[in-house]
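Notes follow the structure.
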Amino acid sequence: MNNTVALIGAGAMGGAIGARLLETGNALHVFDLDKEKVDDLVAKGGIAAHSAGDAASRADFVIFSLNSARVVGIAAFGDNGAASGAKPGTIFIDMSSIDPESTRELAAQAEEKGLAWVDSPLSGGAPKALIGELTLMAGGKEADVARAHECLKDVAKNYTHMGPSGAGQTTKIINQVLCGLGFVAIAEATQLALDAGVDAEKIPVALKGGRADSALLQEYMPRFATKDYRRTGRIDNMVKDLAFAQQLSSETGTSMPMTALCLEIHKMLTSAGLGGEDQAAVMEFFNGASKENFA
Numbered sequence: 014m015n016n017t018v019a020l021i022g023a024g025a026m027g028g029a030i031g032a033r034l035l036e037t038g039n040a041l042h043v044f045d046l047d048k049e050k051v052d053d054l055v056a057k058g059g060i061a062a063h064s065a066g067d068a069a070s071r072a073d074f075v076i077f078s079l080n081s082a083r084v085v086g087i088a089a090f091g092d093n094g095a096a097s098g099a100k101p102g103t104i105f106i107d108m109s110s111i112d113p114e115s116t117r118e119l120a121a122q123a124e125e126k127g128l129a130w131v132d133s134p135l136s137g138g139a140p141k142a143l144i145g146e147l148t149l150m151a152g153g154k155e156a157d158v159a160r161a162h163e164c165l166k167d168v169a170k171n172y173t174h175m176g177p178s179g180a181g182q183t184t185k186i187i188n189q190v191l192c193g194l195g196f197v198a199i200a201e202a203t204q205l206a207l208d209a210g211v212d213a214e215k216i217p218v219a220l221k222g223g224r225a226d227s228a229l230l231q232e233y234m235p236r237f238a239t240k241d242y243r244r245t246g247r248i249d250n251m252v253k254d255l256a257f258a259q260q261l262s263s264e265t266g267t268s269m270p271m272t273a274l275c276l277e278i279h280k281m282l283t284s285a286g287l288g289g290e291d292q293a294a295v296m297e298f299f300n301g302a303s304k305e306n307f308a
């Protein structure tokens, strides 16, 4: 059965999610402050909405794909926000990456208004969204998470209920710790290979199936080696996520020295003007963090 979905936020990630939902036969009502992003999805069969509330008034599921908890809160509960038009019982699905505490507060607001909230951040980026192979980690009430899957099954290959509200965002933070450390480690190893005169592009082939193998190694070492910085993510988003990890570790008393170093490296790259570049540009840390390669 196809669904009627409201999409709030049609940037790189939201646009890919929207495109996949349309490709799989869902009706999609789109709202974004950037008209060009809305027009891109309208050209694929989407319907433009005048506000988040307008989009939500016609949908059974509302997906948020935005950059911060503050923006999600405004889009959901501000003037003309999704809650102003949503029918009672509508499932709000937040696919943004925000902190767990803000998520719990947003879920409580939704419950007060007779709405359901599921935090379902993602891993895999726009390329996986376009082919329906995202990894999603969900937080919320069991029944709500199950209902949300009716909508998300078209974009996700792996969908796991991690626990109550905020558990999905906590899992995403852990995912980002692993990815952030992995990016830096692989970039460092790539630079060593280049300096030692070894063909870095062949290393993933040589190590395939061994203990050092990983999806990150297979995808990113060739990109690091050739400085392929096509944008599929952003360094400054990793700064945000690793900062969430530090915040969470302060609350739990967990020592995370490697994460702290990884965060500082990403901050240095952002200070050098590379925050908006793809995660592959971490390689520039080993080349003086210069923006010259992006002119």
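Going by the numbering used here, the sequence shown opens with residue 14, and the numbers climb by one from there. Even glycine gets a Cβ: it sits at the ideal position worked out from N, Cα and C. Every value quoted in this text rests on a predicted model; they were computed, and no experiment measured them.
How would you call residue i, buried or exposed, if buried means at least 16 neighbouring beta carbons within 10 angstroms?
| i | result |
| --- | --- |
| residue 165 | buried |
| residue 15 | exposed |
| residue 219 | exposed |
| residue 240 | exposed |
| residue 292 | buried |
| residue 56 | exposed |
| residue 144 | exposed |
| residue 286 | exposed |
| residue 113 | buried |
| residue 33 | buried |
| residue 281 | exposed |
| residue 205 | exposed |
| residue 141 | buried |
| residue 290 | buried |
| residue 274 | exposed |
| residue 134 | buried |
| residue 45 | buried |
| residue 22 | buried |
| residue 300 | exposed |
| residue 163 | exposed |
| residue 109 | buried |
| residue 37 | exposed |
| residue 217 | buried |
| residue 78 | buried |
| residue 236 | buried |
| residue 215 | exposed |
| residue 208 | exposed |
| residue 94 | buried |
| residue 264 | exposed |
| residue 226 | exposed |
| residue 183 | buried |
| residue 199 | buried |
| residue 125 | exposed |
| residue 31 | buried |
| residue 115 | buried |
| residue 271 | exposed |
| residue 151 | buried |
| residue 155 | exposed |
How would you write the range of the beta strand (DSSP E) that residue i sits in, first residue to last?
| i | result |
| --- | --- |
| residue 215 | That residue, residue 215, is in no beta strand (DSSP E); it is neither H nor E in DSSP. |
Based on the DSSP secondary-structure assignment, which residues constitute the bridge partners of residue i?
| i | result |
| --- | --- |
| residue 132 | 107 and 152 |
| residue 147 | 169 |
Cβ-heavy atom distance between residue i and the ligand MG below 7 Å?
| i | result |
| --- | --- |
| residue 148 | With respect to small molecules bound, the structure shown includes none, and the ligand MG cannot be examined in it. |
Which residue comes first and which comes last in the alpha helix (DSSP H) that contains residue i?
| i | result |
| --- | --- |
| residue 281 | 270 to 282 |
| residue 295 | Per DSSP, residue 295 belongs to no alpha helix (DSSP H) and is neither H nor E. |
| residue 253 | 248 to 265 |
| residue 237 | 228 to 239 |
| residue 243 | Run containing residue 243: none; DSSP gives neither H nor E here. |
| residue 117 | 113 to 125 |
Does the contact criterion of 3 or more C-beta pairs under 8 Å hold for the region 176 to 192 versus the region 44 to 61? no
If we require 3 or more residues per run, which beta strand (DSSP E) segments fall completely within the region 151 to 201? 169 to 176
Jot down the residue ranges of each uninterrupted beta strand (DSSP E) in the region 18 to 106, minimum 3 residues, whole runs only, in chain order. 40 to 44 and 74 to 77
Contact between the region 152 to 169 and the region 188 to 208 (3+ Cβ pairs under 8 Å): no
The region 113 to 133 touching the region 271 to 281, judged by at least three CB pairs closer than 8 Å: no
Would you call the region 88 to 100 and the region 64 to 80 in contact, with 3 or more CB pairs under 8 Å? yes
Below 8 Å, how does it come out for the region 72 to 90 and the region 227 to 234: are there three or more Cβ pairs, yes or no? no
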